[in-house]
Each structure stands twice: as C-alpha cells, then as structure tokens.
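Numbering (this note's numbering), first residue to last: 423 to 524.
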C-alpha cells in the first residue's frame, strides 16, 4: 500500500504477518549522481572566493538511512566526523564532488 510520495521518495507499507508491518522507502539517486558527474566536469567545487568547497551532494534517502542506522542526525555539527567517515567510504564515492578524502 502506498503511504506517501515526496521529495523523490516513495514510502510503501507491507504487511509481514498478522501484526507486523514494514515501511519501505525507495528513491532513485541516479539523477543526483549524474548531476555530480556534470559538476566534476565543469567546476572544481570551489566558490568564487575560493573559501568554500562543495564537497558532496547527499540524497535525502541516504541521510535518512544513516540517521536510522547510527541513531543520530548525521548532518548535525556534532556528528560531522561521522559524516566525513561515511562520505570517505568508497561505497559512497559517487556522492563526492572532488576526488580524494573529505
């Protein structure tokens, strides 16, 4: 059963048993990956002043997954070390704007 669709995320409810349910969230992250590929070709990710660096684009569904897995808001300033560790994981390389480590 469809629960909701928002921000590119589709939530569906599945009955696993008489009193058990699972909510499944699905999102196509390929458009984000394609945008990152284009950014890599046209920019070095730095602001005009050179003071700011665009390091990554993280799909909302991935942030929600990490928040659930780690039990914290990975985007909160006190959790930036965790976020950097996750983004430096080769599994998530596609979401980094620049090559190398964050």
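We treat Cβ as the ideally placed atom computed from N, Cα and C, and that holds for glycine.
Under the three-state DSSP convention, the category residue 498 falls into: Here residue 498 corresponds to residue number 76 of the chain shown, with the count starting at 1. For residue 498, the secondary structure class from DSSP, reduced to helix, strand or coil, is coil.
Chain-order list of residues whose beta-carbon lies under 7 Å from that of residue 505 (same chain, five-residue window excluded): As a first step, residue 505 must be located in the chain shown, where it is residue number 83. Excluding sequence neighbours, residue 505 sits near 496, 497.
Distance between beta carbons of residue 457 and residue 479, contact taken as under 8 Å: As a first step, residue 479 must be located in the chain shown, where it is residue number 57. As a first step, residue 457 must be located in the chain shown, where it is residue number 35. The beta-carbon distance between residue 479 and residue 457, rounded to whole angstroms, is 7 Å. This is short enough to meet the 8 Å contact definition.
Cβ shell of residue 484 (< 6 Å), same chain only, five flanking positions each side left out: Your numbering for residue 484 matches position 62 in the chain shown. Closer than 6 Å at the Cβ level, and outside the excluded window around residue 484, lies no residue.
Coarse secondary structure for residue 451, derived from DSSP in three states: As a position in the chain shown, residue 451 is number 29, starting the count at 1. Coil at residue 451, not helix or strand.
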